[in-house]
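Sequential numbering of the sequence shown, starting at 194, is according to the working numbering. We put the CB at the ideal spot given by N, CA and C, even for glycine. Have a look at the structure below, then the notes.
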Amino acid sequence: MDPIAAINGRIAEIQGRIASLAPPRLPAAHASTSSFAAVLAAQLAAPGPSAPASASAAPAPPRVGSFGPTQLANAAAIIQAGQAMGLSVRDQTIGVMTAIGESSLQVLDGGDTAGPDSRGLFQQRANGAWGSLAERMDPTASATRFFTALSRVEARDSMSPTAVAHEVQRNADPQHYSRYWDDAVAIVTAVRGTTR
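Laid out in structure tokens, this is it:
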């Protein structure tokens, strides 16, 4: 083989390896109009390796039960907000459970009859306690607000998960969130890449 051809072949091989290590790129039109959740969901759905957002979190799988990439990206944002605040896996799971119960892990731009001004993953009200509309619509910001309130719940480790969520959210039914616990555990386990 010609030495120059061998060098060119080696350069092409190195460039190919470097390109495979780069994070996936989104089309320009998509990137300029996408929310954090949509961008993260697209990255999770893209084939190939992707780096976890933190050392202890693994990339979210494309599906867990009936929950798809956008919902799992929102769950990942909740988990990462809890991790950033130093909260336990149980607390993070309570956050995911609450968001399932409030919005099925979707950033909703509307509330129900009981709270028509509620918005986002946690259906947080426009009463000043949960931040601006933009914060309530941002998965990380709304999760941080939720966890800030959760961290003030005394003796929460001795309470049931639904009781903790009720202390933060003040849902009309204190047991409302209990039916979402198993789904939350499955999602947190899959997203974190751990067993519980």
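For Asp331, the closest of Ala365, Ala348 and Ala268 by C-alpha to C-alpha distance is Ala268.
With 16 or more other Cβ atoms from the protein chains shown falling within 10 Å of its own Cβ, Gly294 counts as buried.
A buried status is given to Ala336, since no fewer than 16 other beta-carbon atoms sit within 10 Å of its beta-carbon. Distances from the alpha-carbon of Ser296 to those of Leu265, Thr341, Gly386 and Ala342 put Leu265 closest. Listed in chain order, the non-local C-beta contacts of Ala334 below 7 Å within the same chain comprise Gly324 and Glu328, local neighbours out to five positions each way being set aside. Cβ neighbours of Val289 within its own chain (closer than 6 Å, five residues either side excluded): Ala268, Ile271, Ala377, Ile380 and Val381.
DSSP, reduced to helix, strand and coil, places Gln317 within a strand of the structure shown. In this structure, the beta-carbon distance from Thr291 to Phe315 falls below 8 Å. In this chain, the alpha helix (DSSP H) harbouring His359 covers Pro354 to Gln362.
Less than 8 Å separates the beta-carbon of Val357 from that of Ile287.
In this structure, His359 lies away from Tyr373, with their beta-carbon atoms at least 8 Å apart.
For Pro262, the closest alpha carbon among the candidates Leu298, Gly279 and Val282 is that of Leu298.
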